[in-house]
Structure formats: C-alpha cells, structure tokens
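Undergrad:
Number of protein chains: 2
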Amino acid sequence: MKITIIGLGLIGGSIAKTLSRRKDNQIFAFDTNKSSISNAIENKSIKGSIESLDDLKKTEYEDSLLILATPPSITVDILKSLDFLFNSSVTITDTTSAKTSLNKILQKFNFPENIIFSHPVAGSHLSGAVNSIDNLFNGKSTILSYHDSAAPLHVNRVMSLWQELGSKVSVLDTELHDQIFAYSSHLPHVVAYALLNTLKEIEQDNLALFSGGGLGEFLRLVSSSPEMWADIFSTNGKNIAFAINDLVKNLNILQNKIANDPESLKDLLSELKAFKESNY
Amino acid sequence: MKITIIGLGLIGGSIAKTLSRRKDNQIFAFDTNKSSISNAIENKSIKGSIESLDDLKKTEYEDSLLILATPPSITVDILKSLDFLFNSSVTITDTTSAKTSLNKILQKFNFPENIIFSHPVAGSHLSGAVNSIDNLFNGKSTILSYHDSAAPLHVNRVMSLWQELGSKVSVLDTELHDQIFAYSSHLPHVVAYALLNTLKEIEQDNLALFSGGGLGEFLRLVSSSPEMWADIFSTNGKNIAFAINDLVKNLNILQNKIANDPESLKDLLSELKAFKESNY
Chain A
-1 MKITIIGLGL IGGSIAKTLS RRKDNQIFAF DTNKSSISNA IENKSIKGSI
49 ESLDDLKKTE YEDSLLILAT PPSITVDILK SLDFLFNSSV TITDTTSAKT
99 SLNKILQKFN FPENIIFSHP VAGSHLSGAV NSIDNLFNGK STILSYHDSA
149 APLHVNRVMS LWQELGSKVS VLDTELHDQI FAYSSHLPHV VAYALLNTLK
199 EIEQDNLALF SGGGLGEFLR LVSSSPEMWA DIFSTNGKNI AFAINDLVKN
249 LNILQNKIAN DPESLKDLLS ELKAFKESNY
Chain B
-1 MKITIIGLGL IGGSIAKTLS RRKDNQIFAF DTNKSSISNA IENKSIKGSI
49 ESLDDLKKTE YEDSLLILAT PPSITVDILK SLDFLFNSSV TITDTTSAKT
99 SLNKILQKFN FPENIIFSHP VAGSHLSGAV NSIDNLFNGK STILSYHDSA
149 APLHVNRVMS LWQELGSKVS VLDTELHDQI FAYSSHLPHV VAYALLNTLK
199 EIEQDNLALF SGGGLGEFLR LVSSSPEMWA DIFSTNGKNI AFAINDLVKN
249 LNILQNKIAN DPESLKDLLS ELKAFKESNY
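The listed protein sequences correspond, in order, to chains A and B. Going by the numbering used here, the residue at position 140 of the first sequence is 138; the numbering climbs one at a time, nothing skipped. Going by the numbering used here, the residue at position 264 of the second sequence is 262; the numbering climbs one at a time, nothing skipped.
#1: Are any of the Cβ atoms in chain B nearer than 7 Å to that of GLN24/A?
#2: Within 7 Å of any Cβ in chain A, is that where the Cβ of TYR144/B sits?
#3: Using the three-state DSSP reduction, which class does SER95/A fall into: helix, strand or coil?
#4: Note the first and the last residue of the continuous beta strand (DSSP E) segment covering ILE65/B.
#5: Check whether the segment 108 to 118 of chain B touches the segment 154 to 163 of chain B, taking contact to mean three or more Cβ pairs, one atom from each stretch, closer than 8 Å.
#6: Out of ILE65/A, PHE26/A, GLU269/A and ASN204/A, which one is the CA nearest neighbour of GLU58/A?
#7: What does DSSP give as the partner residues of PHE115/B in its beta bridges?
#8: Could you tell me which chain A residues have their CB closer than 9 Å to the CB of VAL188/B, listed as they occur along the chain?
#9: Using beta-carbon positions only, say whether THR2/B and LEU77/B come within less than 7 Å of one another.
#10: Tell me, please, whether the CB atom of LEU194/B is closer than 7 Å to any CB atom in chain A?
#11: Relative to the alpha-carbon of GLY235/B, which residue among LYS97/B, SER130/B, THR196/B and ILE103/B has its alpha-carbon at the smallest distance?
#12: Short of 8 Å in beta carbon distance, which residues of its chain neighbour ILE242/A, apart from the five on each side in sequence? Order them along the chain.
#13: With a threshold of 7 Å between beta-carbons, can ALA127/B be considered close to chain A, or not?
#14: Can you tell me whether DSSP reads SER282/A as helix, strand or coil?
#15: Residues of chain B with CB under 7 Å from GLU275/A, in chain order?
#16: Can you find the residues in the same chain that come closer than 7 Å, C-beta to C-beta, to HIS152/B, ignoring five residues on each side of it along the sequence?
#17: Name the chain A residues whose beta carbon is nearer than 9 Å to that of ALA206/B?
#18: Tell me which same chain residues have a C-beta within less than 6 Å of the C-beta of THR16/B, skipping the five on either side of it?
#19: Check the DSSP bridge columns for ALA27/B and list the partner residues they point to.
#20: For the beta strand (DSSP E) that LYS166/B lies in, which residues bound it at each end?
#21: Please classify GLY7/B as buried or exposed, where buried requires at least 16 other C-beta atoms within 10 Å of its C-beta.
#22: Where LYS198/A and LEU104/B are concerned, what is the direct C-alpha to C-alpha distance, given to the nearest angstrom?
#23: Could you tell me whether the Cβ of GLU173/B comes closer than 7 Å to any Cβ of chain A?
#24: Taking 7 Å as the CB-CB cut-off, is ARG161/B touching chain A?
#25: What number of angstroms, rounded off, separates the C-alpha of MET(-1)/A from the C-alpha of LYS21/A?
#26: Within 10 Å of its beta-carbon, does ASN41/A have 16 or more other beta-carbons around it, so buried, or fewer, so exposed?
#27: Give a yes or no on whether 7 Å exceeds the smallest Cβ distance from PRO70/A to chain B.
#28: Assuming ASP216/A contacts GLY212/B under a Cβ cut-off of 8 Å, what Cβ separation, rounded to an integer in Å, is found between them?
#29: Anything in chain A within Cβ reach of GLY235/B, meaning under 7 Å, just list it in chain order.
#30: With a 10 Å radius around its C-beta and 16 neighbouring C-beta atoms as the bar for buried, classify LYS264/A as buried or exposed.
#31: To which residues of the same chain is TYR191/B closer than 7 Å at the C-beta, ignoring the five residues directly before and after it?
#32: Applying the criterion that 16 or more other CB atoms from any shown protein chain within 10 Å of the CB defines a buried residue, is ASN31/B buried or exposed?
#33: Can you grab the Cα-Cα spacing for the pair ASN204/A / LEU134/B, in whole Å?
#34: Which class does ILE90/A belong to by DSSP, given the choice of helix, strand or coil?
#35: Keeping to the same chain, check which residues put their C-beta closer than 6 Å to that of ASN136/A; ignore five residues upstream and five downstream.
#36: With distances taken Cα to Cα, identify the nearest neighbour of GLY5/B among LEU54/B, PRO260/B, LYS45/B and ALA67/B.
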C-alpha cells in the first residue's frame, strides 16, 4: 500500500518507523524541514519524498492513504488546499486532537466520502522527528471520527492503519470528540499550566523539595510544545472554556467544604477515590 | 538510642523498618491496632510496645526520641496530652504536613525547647503498616520547623534521625512551612480532586481511553487516604483557600488568553515550559 505522510514530526516520524517494517508498505513524505526527510530516507523509514502536494494528483497515488501529521491550525490550511482530492480514491486522515475546525471545511464540501479523522492519544513531552519511536501507538487509544457519508472502504483503510500501528481503535462523533477531549485531555493541560503559574508566582526557591512525586509527573505536561498546545487550546477554545468553568465550580465546592464542612469533605474525597479506582 | 513511635502506619512502620537495621536502636511503639504491633514485633522492626503514653514518664525513657507518626488532627490531640514531657530530656517530633495547629499548642507553653517538627515529603497512595517499606525516606526531602527556643541537642537529634533515614533535610519557619505546602503539595491534591470531579460529572464511559498517561499518574493523588487528606485540608484550610484563589485567577487568565489572545497565550506557555525545566 502506498502511504504519504505530511509532516515528519514526532507523530508522522513514528508512523513511518512502524509502517516501514512491512515491505509492502511504500511510504513517501512531505516536510518543509529537508533534514527530517533525508534522515528518514537514510534510516529507511520512508522510501522517498514528494515535492509538492500537487504530486498527489498523479495516477500513481490513486487508492493510496494520505496522513496529515501536522499541528491543528496547519492541518486546517492543508486540508483546505487538498480539495482536489475530495471524493477521490485517496483516503485522507489526520492526527490532531481537535476536529471542529476541520469539520467545518468538510461541511462546505458536503462531507466528502474519503475523509476520516484520526486522533491517536499518544505523544510525548518531546517533539520532532528526532524523538519519534517505532512503537509510539502500540497499546494506545486512537479515536476515529467521520460523517455518515464516509465510504466503508475509506473507513476500513484508516481503521487498518491504526490497527497495524497497535492502537485500540474507537469511534466518536466529531463534535462529541471535541467536547470530551476538552475535558479529558485539554483541561488537564490547562490545569498543569495554571498550577505551575500559581507555584511560579510564590517566588520560593527549591520548590521541588516541597512537592511529592505525583506533581512532577503531572507538570511534565508543561514540557510539551507551547506552539502546539496554544494551537490546540485555540482551535477547541469554546469547549475548553466550559471545562474551565466546571473545574472552577468544583474548586469552589472543595474550598467551601474545607472551610465549613469537614464531614462532607471526607465523603466527597472517598467518593472520588472510588471513582478513580474504577475508571483510571 | 531509644526511640518510641506513636502510630505504626505507613510512615511510622517505614521509620521502624529502617531504624531497626541498626542494632543500637531500641525501638518501641504504640498503636491502637494490636495486630500492627504484633506484626512489627514478629518482623523485628520494633522491640516492644508501650501500653500507654504515661509509660514515657519512666526514667528509662530519659534522653529518648519520641516520634508522633499519626494524622494531623490526632497529632494535635496527642501533643496536647504530652505536656508532662515538655522541656524534658525526651526529644519530641512529628511527621505531619501542616504545622500551624501544633504550633498553637507550643505557643501556650511558651515554646518548649524539646519539640522539633518534622515533615517527611514522602508517602504513597497506599497507606497502613502493611505497605510500609524500609527505604521510604531515602533520597526524599524532609523539612524541620522549630522555634528559636529549641535546644541544639534536640534539633540535632531530629536532624540525625532523618539523615539516618536517608532524607535531604532542610529547615523552614512553621508559618512559612504551611504557606509553602498549601501551594506546593496541598493545592495539587485539591486540584486532582476537583479535576476528577469535573471529569466524573460529564458521565462519559471509558474516559481513560481519551486521556494521555500524565493524567493517570496525577490522579493517583486521589487514591490517597480520604480521611488523612480531609484532615490535612482542614488543618491548613486558610492557606489552602488563598492558594485556590490564586489558581482560579490563573485559570481565568488562561481562559481569557485562549479566547482572545493566541500570541500572548503562546508566550505564557513558553515561559512556563522554561520555568518547569529549571525547577522540576
């Protein structure tokens, strides 16, 4: 199968490394960073590069799979520019964690049947091709989102891609995807930034001496790429605003119970411990 | 050296396990749970038990070390009941993470010279003697807090205790201790509970599928003992209330930048990444 990856960063580079282990996969890539391309050719994770997205018009790309492994706002721009492939035999997917802006483009084109969104819930606080690894998606969750008009052939092609990469695949409606991830993934990142900013403001030296291990692990979220997370936050801003409001409400509930109601505080903490243990 | 540990839970049990490796340490313990005592005698981490705190009046306990390894509010009650040992040759320390309530007792007695507070920043989401381990404090931080009136002999005895347990020891004024820990340790726990309550409220099945690994690690804080954390939150409630207010302010700042100012959002995330990398 012919596979083209746009963007050879952590995600695109890791996809290439895994897929290239199968000889019948012919992997091509496009990246503005020429050294990412030449490194990937050298370590045989890709077969070659394409010069421009227009190359995808060639007949040799018919029935191929195109993976956009770029940050959210760039993915929006690229998807727009690929309208010549809409409803073609080329299956198009992405890897971003916010889908609403992408879905708006599809809406204008009455939902082309060959576009299936993907969100691999895998990553690292390290970014770039240099940190890509060949088992990044193994055992991780990947969420597909697509419209009713999507053709089974294209859905299956994307489903097979993630299964080949070792992911556990599930499907969510596009809007529900963005609502859920605003809470389950984007909110924890917002919280890590807000918490760290709060700690920064107390201007105390050697703060790490005064924190247990769990905090350090959590703050690793802040080591992710600021550009990518500013982009994710902005593209899913409305849902994240609701999530922040809900969190603030729950912080105020706790603050109130701490000040006034130790018994009901203990009950709430017990209830949450039980919820944690059956869900995470 | 004769050492008496009040409370053979995770902390007290772990202290006994490490200290008992040295033959010249004679360790005694007091716990209302008789099986904790008999298990500890069986595995030789303690030499015997005391029947009542009044036993500490005996001359054989002169110049010994008394460690209160009980939760915050129980520690307050026990310290009050130990006034017959204030300004004696017995060194008294504790292991709690909030000191203001304890310090109020000392104030009434004009700060006895033999009481040195300890806060080992070590623990586990598992509690109880059954989970105690003999290297719990090794390489971890322990904070001492004491009044100017504390006698060097007693300070040194407590300092040596934690050094023998492998801790990195530092010293903080009692009030500053509680202010800092409200931010560095208690606030992250409040946040973990509030975040989990927010996720619980969206009533979505299989939530863990939609979250990255960092969140699961952080939510482990919620698996700690609800009784202990309700107690810590209540005993340091005023400082924690300030910390929650500061966090809410920072959440609102992020929410506002996400909605209105993507450039300044990116700058803030970059600044926080740099702060993270030089501090945690």
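Even for Gly, the Cβ is constructed at its ideal location relative to N, Cα and C. Since we're looking at a predicted model, the values are computed, not measured.
TA: Result, derived from the coordinates:
#1: no
#2: no
#3: coil
#4: 63 to 66
#5: yes
#6: Check the Cα spacing between GLU58/A and each of ILE65/A, PHE26/A, GLU269/A and ASN204/A: the tightest is with PHE26/A.
#7: SER143/B
#8: LEU249, LEU252, GLN253 and ILE256
#9: Taking 7 Å as the cut-off, the Cβ atoms of THR2/B and LEU77/B do not count as close.
#10: yes
#11: LYS97/B
#12: LEU185 and VAL188
#13: For ALA127/B, the answer is no, since every Cβ of chain A falls outside 7 Å of its Cβ.
#14: Past the edges of chain A, shown from -1 to 278, lies residue 282/A, and the structure says nothing about it.
#15: SER221
#16: The beta carbon of HIS152/B sits closer than 7 Å to the beta carbons of THR89, GLU111, ASN112 and ILE114 from its chain, once the five residues preceding and following it are set aside; these are given in chain order.
#17: SER139, SER182, ASN277 and TYR278
#18: ASP132 and LEU163
#19: ILE3/B and SER47/B
#20: That run of the beta strand (DSSP E) goes 166 to 169.
#21: With 16 or more neighbouring CB atoms inside 10 Å of its own CB, GLY7/B falls in the buried class.
#22: In a straight line, the C-alpha of LYS198/A is about 32 Å away from that of LEU104/B.
#23: no
#24: According to the sequence displayed, residue 161/B carries Gln and not Arg. No, because no Cβ of chain A sits closer than 7 Å to the Cβ of GLN161/B.
#25: Going by C-alpha positions, MET(-1)/A is about 10 Å away from LYS21/A.
#26: exposed
#27: Look at PRO70/A: its C-beta is not under 7 Å from any C-beta on chain B.
#28: In the sequence under discussion, the amino acid at residue 216/A is Phe, which differs from the Asp named in the question. The Cβ separation is near 6 Å, so the contact holds.
#29: ILE256 and ALA257
#30: buried
#31: VAL220
#32: exposed
#33: The alpha-carbon atoms of ASN204/A and LEU134/B are separated by roughly 21 Å.
#34: strand
#35: A distance below 6 Å between beta-carbons, with the five flanking residues on each side excluded, links ASN136/A to the following residues of its chain, in chain order: GLY164.
#36: Of the candidates LEU54/B, PRO260/B, LYS45/B and ALA67/B, the one whose C-alpha sits nearest the C-alpha of GLY5/B is ALA67/B.
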